[in-house]
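Novice: Let me give you the structure first, and then I'll get to my questions.
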Amino acid sequence: MAMDHPLDEAAALDAADPLASFRDRFVVGDPDVIYLDGNSLGRTPKATREAIKRVVDEEWSGELIGAWDHWIDLARETGDVIATEIVGARPGEVIVSDSTSVNLYKLAAAALDAVPHRSVIITDDDNFPTDRYILQGLAAQRGLELRTLTTDLDRGVDAADVAAALDDRTALLCLSHVSYRSGAIADMAAITAAAHRAGVLTLWDLCHSAGAVPVGLNECDVDLAVGCTYKYLNGGPGAPAFLYVREELQRSLRQPIWGWFGQRDQFAMGADYDPAPGIERFQVGTPPVLGVTAVREGARIIAEAGMPAIRAKSTLLTSYALRLARSWLEPLGFSVSTPAEDDRRGGHVTVHHPDAWRIAQAMRDAKVVPDYRTPDRVRLGLAPLYTTFAEVHTGLSRLRDLVAGERHLTFDAVPGRVT
Ligand SMILES: *Cc1c(COP(=O)(O)O)cnc(C)c1O
Numbered sequence: 001m002a003m004d005h006p007l008d009e010a011a012a013l014d015a016a017d018p019l020a021s022f023r024d025r026f027v028v029g030d031p032d033v034i035y036l037d038g039n040s041l042g043r044t045p046k047a048t049r050e051a052i053k054r055v056v057d058e059e060w061s062g063e064l065i066g067a068w069d070h071w072i073d074l075a076r077e078t079g080d081v082i083a084t085e086i087v088g089a090r091p092g093e094v095i096v097s098d099s100t101s102v103n104l105y106k107l108a109a110a111a112l113d114a115v116p117h118r119s120v121i122i123t124d125d126d127n128f129p130t131d132r133y134i135l136q137g138l139a140a141q142r143g144l145e146l147r148t149l150t151t152d153l154d155r156g157v158d159a160a161d162v163a164a165a166l167d168d169r170t171a172l173l174c175l176s177h178v179s180y181r182s183g184a185i186a187d188m189a190a191i192t193a194a195a196h197r198a199g200v201l202t203l204w205d206l207c208h209s210a211g212a213v214p215v216g217l218n219e220c221d222v223d224l225a226v227g228c229t230y231k232y233l234n235g236g237p238g239a240p241a242f243l244y245v246r247e248e249l250q251r252s253l254r255q256p257i258w259g260w261f262g263q264r265d266q267f268a269m270g271a272d273y274d275p276a277p278g279i280e281r282f283q284v285g286t287p288p289v290l291g292v293t294a295v296r297e298g299a300r301i302i303a304e305a306g307m308p309a310i311r312a313k314s315t316l317l318t319s320y321a322l323r324l325a326r327s328w329l330e331p332l333g334f335s336v337s338t339p340a341e342d343d344r345r346g347g348h349v350t351v352h353h354p355d356a357w358r359i360a361q362a363m364r365d366a367k368v369v370p371d372y373r374t375p376d377r378v379r380l381g382l383a384p385l386y387t388t389f390a391e392v393h394t395g396l397s398r399l400r401d402l403v404a405g406e407r408h409l410t411f412d413a414v415p416g417r418v419t
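With the first letter of the sequence shown counted as 1, position 87 gets the number 87 in full-length UniProt numbering; the numbers rise by one all the way through.
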């Protein structure tokens, strides 16, 4: 079977890759480890190690409190890089703050406050857990109805199903752009347009899109969005997230946590909360400067490579992985759960197998790092800036060999605490 896909083919794809040199910009510890999890935690950019050291040694240690003169704008400046280079928005529409979960709460609450006469929130059952839980909490606190649509785990959210569910009682529609499980891309343009026809505000989660798939927030007229920076943006574990609010909406929306970083004329220390007119009103408290510094470095590398080139390589990587999966893994009892059409999938590829959890453990043992996802999925993240075609070949051939040799059967069948 291996004869069908010689390693030479992968080597030729690597030789023709215009982004190949970007791998050197990242720390690669053990070159024998095939890291297919950049969609959960991206690798460390070398520039980030230097930038953090500089901020600690020169700015924090040297300038002390005086460094706030420039730190004060860091979250906004980094937001502008994400806005203009990564998610298709204008300067002043994105800011780095808090976590994705907290930003989702802030923006969803702001949207619900704007339409008090509407009482239904719509999401789908394939949305990421934190999104579903936060919406459940908001619905419970406010006595609203949360309607959870049923989505096919492999095909992703269906635009016609969403359109059919929207009506004049709907306050907010919240969905993920790229499914965390299958990698299916939702039709952001069609779904947002359908929501707007029903007078509904849209809140998109871009965690698995930002840095992997071009996102046209302005082009699709999206109202609100949130996203992570520690996945394809390589911002580091727990790095602060970003949020987007369409400029025309900013003045009319108020988020629920009235902190001093959202205040107009912050250092006047005024008696009463009066939110800043722009995107800053969606901040709460002091931004984590070391974390935002890492986000800035990660976003700059994406900007330098450019989203069109990143998407082109990503599509080649995922289609190559799907070809190998079909010829090597399907005969072993796997099926592919990622959409076959290039324009319907994001940056990762997911396969399913009844023994997925044991297989994921055996892969780590064989120095291939995937994610296990419920109920029976193995997810392979192919981060375009540092994943090579040769790694895809080696990773999938190790996976094929260990399942063919039944090595996974020696691992525990009960999932661990962190999967
Ligand atoms: C990773 C991820 C999150 C994570 O949210 P945190 O607040 O950073 O824990 C949220 N939504 C989606 C879709 C994700 O993939």
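All residues carry an ideal CB built from backbone N, CA and C; glycine is no exception. All of these numbers come straight from a predicted model, not from anything done at the bench.
(1) Along the beta strand (DSSP E) that carries I185, what are the first and last residues, could you check?
(2) Suppose contacts are defined by Cβ-Cβ distances below 8 angstroms. Is L149 in contact with D168 by that definition?
(3) Identify the residues that DSSP records as bridge partners of D371: which are they?
(4) Please state whether DSSP places Y320 in a helix, a strand or coil.
(5) According to DSSP, which residues form a beta bridge with Q263?
(6) Using only CA atoms, which one of V284, D73, G298 and R311 lies nearest to W260?
(7) Who are the near neighbours of P277 in its chain, counting only those whose CB is closer than 8 angstroms to its CB and skipping five residues on each side?
(8) Where does E50 land, buried or exposed, given buried means 16+ other C-beta within 10 angstroms?
(9) How do the region 43-62 and the region 286-304 stand: do at least 3 beta-carbon pairs fall below 8 angstroms, yes or no?
(10) With a threshold of 16 other CB atoms inside 10 Å of the CB of R76, please say whether the residue is buried or exposed.
(11) Are there any heavy atoms of ligand 1 lying less than 7 angstroms away from the beta-carbon of C228, as far as the coordinates show?
(12) Sorry if obvious, but does the Cβ on Y105 come closer than 7 angstroms to a heavy atom of ligand 1?
(13) What is the DSSP secondary structure of H393, reduced to helix, strand or coil?
(14) Since G333 contacts P384 with CB under 8 angstroms, what's their CB separation in whole angstroms?
(15) Would you say T419 touches ligand 1, meaning its beta carbon is less than 7 angstroms from a heavy atom?
(16) Answer yes or no: do H208 and N39 have a C-beta to C-beta separation smaller than 8 angstroms?
(17) State yes or no: is the C-beta of H348 nearer than 7 angstroms to some heavy atom of ligand 1?
(18) For S337, does the count of other Cβ atoms within 10 angstroms reach 16, so buried, or fall short, so exposed?
(19) Quick one: is P354 buried, meaning 16 or more other Cβ sit within 10 Å of its Cβ, or exposed?
(20) Terminal residues of the continuous beta strand (DSSP E) containing V200?
(21) Can you confirm whether the region 378-395 touches the region 315-332 when touching is taken to mean that 3 or more C-beta pairs between the two stretches lie within less than 8 angstroms?
(22) Would you mind stating whether L217 and A108 have Cβ atoms separated by less than 8 angstroms?
(23) Can you check DSSP and say which residues form a bridge with G156?
(24) Between the region 96-107 and the region 226-244, do at least 3 Cβ pairs fall closer than 8 angstroms?
(25) Taking D152 as the reference, give the member of S179, L41 and V200 with the closest Cα.
(26) Provide the residue(s) that pair with H352 in DSSP beta bridges, ordered along the chain.
(27) If you draw a straight line from the C-alpha of T192 to the C-alpha of D221, how long is it?
Specialist: According to the structure data:
(1) Note, I185: premise wrong, no beta strand (DSSP E); not H, not E.
(2) no
(3) R379
(4) helix
(5) P275
(6) V284
(7) Q250, R251 and R264
(8) exposed
(9) yes
(10) buried
(11) yes
(12) no
(13) helix
(14) Not confirmed; about 29 angstroms, so no contact.
(15) no
(16) yes
(17) no
(18) buried
(19) exposed
(20) Per DSSP, V200 belongs to no beta strand (DSSP E) and is neither H nor E.
(21) yes
(22) no
(23) D152
(24) yes
(25) S179
(26) S335 and R377
(27) 7 angstroms
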